[in-house]
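First to last, the sequence lines map onto chains A and B. By the numbering used here, the letter at position 117 of the first sequence is numbered 267, and the numbering carries on one by one without gaps. By the numbering used here, the letter at position 99 of the second sequence is numbered 249, and the numbering carries on one by one without gaps.
There are 2 protein chains.
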Amino acid sequence: MIRMDMHEPTSIRRTVVLLSGGLDSATCLALARQAARECHTLAFDYGQRHKHELLAAAKVAQALGAASHRTMQLDMRTIGGSALTADIDVPKDRSHEAMSADIPVTYVPARNLIFLSIATALAEVLGAREVYLGVNAVDYSGYPDCRPEFVAAFERTAAIATRAGVEHRPLRVVAPLVTMTKADIIRTGAALGVDYSLTHSCYDPVEVGAEVRACGRCDSCQLRREGFKAAGIADPTRYVER
Amino acid sequence: MIRMDMHEPTSIRRTVVLLSGGLDSATCLALARQAARECHTLAFDYGQRHKHELLAAAKVAQALGAASHRTMQLDMRTIGGSALTADIDVPKDRSHEAMSADIPVTYVPARNLIFLSIATALAEVLGAREVYLGVNAVDYSGYPDCRPEFVAAFERTAAIATRAGVEHRPLRVVAPLVTMTKADIIRTGAALGVDYSLTHSCYDPVEVGAEVRACGRCDSCQLRREGFKAAGIADPTRYVER
Numbered sequence: 151m152i153r154m155d156m157h158e159p160t161s162i163r164r165t166v167v168l169l170s171g172g173l174d175s176a177t178c179l180a181l182a183r184q185a186a187r188e189c190h191t192l193a194f195d196y197g198q199r200h201k202h203e204l205l206a207a208a209k210v211a212q213a214l215g216a217a218s219h220r221t222m223q224l225d226m227r228t229i230g231g232s233a234l235t236a237d238i239d240v241p242k243d244r245s246h247e248a249m250s251a252d253i254p255v256t257y258v259p260a261r262n263l264i265f266l267s268i269a270t271a272l273a274e275v276l277g278a279r280e281v282y283l284g285v286n287a288v289d290y291s292g293y294p295d296c297r298p299e300f301v302a303a304f305e306r307t308a309a310i311a312t313r314a315g316v317e318h319r320p321l322r323v324v325a326p327l328v329t330m331t332k333a334d335i336i337r338t339g340a341a342l343g344v345d346y347s348l349t350h351s352c353y354d355p356v357e358v359g360a361e362v363r364a365c366g367r368c369d370s371c372q373l374r375r376e377g378f379k380a381a382g383i384a385d386p387t388r389y390v391e392r
Numbered sequence: 151m152i153r154m155d156m157h158e159p160t161s162i163r164r165t166v167v168l169l170s171g172g173l174d175s176a177t178c179l180a181l182a183r184q185a186a187r188e189c190h191t192l193a194f195d196y197g198q199r200h201k202h203e204l205l206a207a208a209k210v211a212q213a214l215g216a217a218s219h220r221t222m223q224l225d226m227r228t229i230g231g232s233a234l235t236a237d238i239d240v241p242k243d244r245s246h247e248a249m250s251a252d253i254p255v256t257y258v259p260a261r262n263l264i265f266l267s268i269a270t271a272l273a274e275v276l277g278a279r280e281v282y283l284g285v286n287a288v289d290y291s292g293y294p295d296c297r298p299e300f301v302a303a304f305e306r307t308a309a310i311a312t313r314a315g316v317e318h319r320p321l322r323v324v325a326p327l328v329t330m331t332k333a334d335i336i337r338t339g340a341a342l343g344v345d346y347s348l349t350h351s352c353y354d355p356v357e358v359g360a361e362v363r364a365c366g367r368c369d370s371c372q373l374r375r376e377g378f379k380a381a382g383i384a385d386p387t388r389y390v391e392r
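Okay, structure coming up:
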């Protein structure tokens, strides 16, 4: 865990924020910070091939004034089954139709269920009453655990599963991006001062010399690039082909 | 992952079984095996002080004919907050009243929620339709995530969170011990041939020479010892004071 110099919040209310290092969770952290909360961020080293996002998460946490940042080891390769953790090719240059037609091979089984469960444990230990989660059901590329009904069901289960819930202090799961488009998310974050050049979205990044560049062609890169375009904001991402 | 020689099941139906190495989960595995299922066992190295239970889990999996056994690394010390993972004393010699009065310091925040979430992911990857979980609400020592209502709520959430659920193959969470007493559990397991000398329950074991012995005084040891007595079955556990 990295403890950070805390920007003094106007009201001390503790919040756990799941932070992947991507564009969505960075915006989610900015929204949690805007609500003047003490934000404790949590990232996962789950064996993802795009491990570069963990460096991005730590930078984003610091830049946005998180009170602490943790990276938890959780080796999903023990389980496998996803292009993000196993030796399966990441799909490239897919049309929007192909992206939303079914659940893609980059789906990591039950990932948000697992991450939210661990965030729930951290919230309980810290006495936090909320977990912020940057899921999005608009550009969600067919992941079942990014839908509002998943968030609501999880909240009900967490209330039963924990000491906090039993003691009538149930956890709230806040998913502020869930109905926003990628362009909305980028505009919102930009207005809150998120430096998107610190964030990392690519599923299949390439090292070019000392630099890590985005492939520009996976689903995540495509949605990010189109989002900046639609928002009318310059995309600071360094892509391979530049 | 350890792949094991499979005892040929009478019907190939895949099941994931959470296995801690304790008495309850060993009995749970025996019940899953009795139903002639292909059982894939999953244990967690979560930073528990009683890491000896992981060796017990592997032995139990082999003895009861699991098709595979996995131990997943998941460092709960990143989160802390429990006597089982942090530097907090394990309570000893507590009365039954004290055990059931409140949630004890050995409660690991959201542990079963986390373990079930990961078991759900494994079930999805293996195409398993069930997860067996050895929770028990009778001798449960006040853990909120051992109650039947938790199991039911989790099942509903998992159905929404996963590809399998979306595709109308929702996961069933089976908790066959949930309303049994410790004595019932021991009698059931003994009848199914469980070798309880392989299992480990103690929260605070002591090394005596090359041997690991149970303290005999933590809640888990007390419930185990009383369970064997009530079942009228000899307790094979090696305690410190013997």
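Even for Gly, the Cβ is constructed at its ideal location relative to N, Cα and C.
### Message
Using a Cβ-Cβ cutoff of less than 6 Å, which residues in the same chain neighbour Leu181 (chain A) once the five nearest sequence positions on both sides are dropped?
### Response
Pro326
### Query
CB of Leu276 (chain B) to nearest heavy atom of the ligand GDP: below 6 Å?
This structure simply doesn't include the ligand GDP, nor any ligand for that matter.
### is_contact[Ile264 (chain A), chain B] using C-beta, thresh 7 Å
yes
### Message
According to DSSP, is Glu391 (chain B) part of a helix, a strand, or is it coil?
### Response
coil
### Query
What in chain B is Cβ-close to Gln198 (chain A), meaning under 7 Å?
Correct list: empty, because the minimum Cβ distance to chain B is about 14 Å.
### Task
Use the C-beta contact count for Met156 (chain B): other C-beta atoms within 10 angstroms, 16 or more gives buried, fewer gives exposed.
In this prediction, Met156 (chain B) scores a pLDDT of 46, lower than 50, which makes its location untrustworthy; the coordinate-derived value is nonetheless stated afterwards. Counting Cβ neighbours within 10 Å, Met156 (chain B) comes out exposed, since fewer than 16 surround it.
#### Entry: Interface partners of Thr191 (chain A) on chain C, CB under 7 Å
Among the chains of the structure shown, chain C does not appear; the protein chains present are A and B.
### Task
Taking only the alpha-carbon atoms, compute the straight-line gap between Glu158 (chain A) and Leu168 (chain A) and give it to the nearest angstrom.
Reliability of the predicted coordinates at Glu158 (chain A) is poor, the pLDDT of 42 falling under 50, and no value is obtained from them.
### Message
Which residue marks the beginning of the beta strand (DSSP E) containing His318 (chain A), and which one marks its end?
### Response
Premise fails: His318 (chain A) is in no beta strand (DSSP E) and is neither H nor E.
### Task
Return the CA-CA distance between Gly343 (chain B) and Thr270 (chain B), expressed in angstroms with no decimal places.
28 Å
### Task
Would you give the residue range spanned by the alpha helix (DSSP H) that Ser347 (chain A) belongs to?
From DSSP, Ser347 (chain A) is part of no alpha helix (DSSP H); its letter is neither H nor E.
### Proximity test, Cβ basis, 7 Å: Val281 (chain B) and chain A
no
### Message
Taking the beta carbon of His190 (chain A) as the centre, do at least 16 other beta carbons fall within 10 Å, making it buried, or is it exposed?
### Response
buried
### Task
Spell out whether any CB of chain A is found under 7 Å from the CB atom of Glu203 (chain B).
no
### Task
Quick one: list the residues of chain B neighbouring Glu299 (chain A), beta-carbon separation under 8 Å, in chain order.
Ile310
### Query
Name the chain A residues that come within less than 7 Å of Arg220 (chain B), Cβ to Cβ?
Thr228
### Query
Name the residues in the region 160-177 of chain A whose C-beta lies less than 9 Å from a C-beta of chain B; which are they?
none
### Message
Counting only Cβ pairs nearer than 8 Å, list the residues of chain A close to Pro294 (chain B).
### Response
Contact note: Pro294 (chain B) reaches chain A through Ile310, Ala311, Thr312, Arg313, Gly315, Val316, using a C-beta cutoff of 8 Å and chain order.
### Query
Does any CB atom of chain B fall closer than 7 Å to the CB of Thr307 (chain A)?
yes
### Query
Counting Cβ pairs closer than 8 Å, one from the region 374-387 of chain B and one from the region 215-226 of chain B, do we hit at least three?
no
### Query
Skipping 5 residues on each side, what residues in its chain have a beta carbon closer than 8 Å to that of Thr349 (chain B)?
Only Gly171, Gly172, Leu173, Ala176, Ala206, Val210 meet the Cβ criterion.
### Query
Taking the C-alpha atoms as reference points, what is the distance between Thr387 (chain B) and Pro355 (chain B)?
12 Å
### Task
Assuming Val166 (chain A) contacts Ala273 (chain A) (C-beta within less than 8 Å), just tell me the rounded distance between them.
Confirmed, about 5 Å.
### Query
Going by other Cβ atoms of all chains shown within 10 Å of its Cβ, with 16 needed for buried, is Pro259 (chain A) buried or exposed?
buried
### Query
Would Glu188 (chain A) be called buried (16 or more neighbouring beta carbons within 10 Å of its own) or exposed?
buried
### Task
Could you work out which residues of chain A lie near Ser347 (chain B), taking near to mean beta carbons separated by less than 9 Å?
Listed by position along chain A, the residues whose Cβ is nearer than 9 Å to that of Ser347 (chain B) form an empty set, because the closest Cβ is around 28 Å away.
### Task
Return helix, strand or coil for Val328 (chain B), following the three-state DSSP convention.
Coil at Val328 (chain B), not helix or strand.
### Task
Give a yes or no on whether the minimum CB-CB distance between Val275 (chain B) and chain A is below 7 Å.
yes
### Query
What distance in whole Å lies between the Cβ atoms of Ala193 (chain B) and Leu221 (chain B), which are believed to be in contact at a cut-off of 8 Å?
According to the sequence displayed, residue 221 (chain B) carries Thr and not Leu. Going by Cβ atoms, the distance from Thr221 (chain B) to Ala193 (chain B) rounds to 5 Å, so yes, they are a contact pair.
### Query
Going by beta carbon distance, what residues of the same chain come within less than 8 Å of Ala201 (chain A), once the five residues before and after it are set aside?
Position check: residue 201 (chain A) holds Lys in this sequence, whereas Ala was assumed. So the list reads Asp195, once near-sequence residues are dropped.
#### Entry: Spatially closest choice to Tyr353 (chain B) from B:Gly339, B:Tyr293, B:Gln372, by CA coordinates
B:Gln372
### Query
Quick one: which chain B residues come within Cβ less than 7 Å of Asp225 (chain A)?
Met222, Gln223
### Task
Could you list which residues in chain B have their beta carbon closer than 9 Å to that of Ala180 (chain A), in chain order?
The premise fails here: Ala180 (chain A) is roughly 24 Å from chain B at the closest Cβ pair, so nothing lies under 9 Å.
### Task
Starting from Ser267 (chain A), find everything on chain B with Cβ-Cβ shorter than 7 Å and list it in chain order.
Chain-order list of chain B residues neighbouring Ser267 (chain A): Ala260, Leu263, Ile264, Ser267, by C-beta distance under 7 Å.
### Task
Reducing DSSP to helix, strand and coil, say where Pro159 (chain B) ends up.
Its pLDDT being 42, under 50, Pro159 (chain B) is placed unreliably in this model, and the coordinates cannot settle the point.
### Message
Pop quiz: Arg306 (chain A) and Glu280 (chain A) are said to be a contact at Cβ under 8 Å. What is the actual Cβ separation, rounded to whole angstroms?
### Response
The pair is not a contact, with the Cβ atoms about 15 Å apart (cut-off 8 Å).
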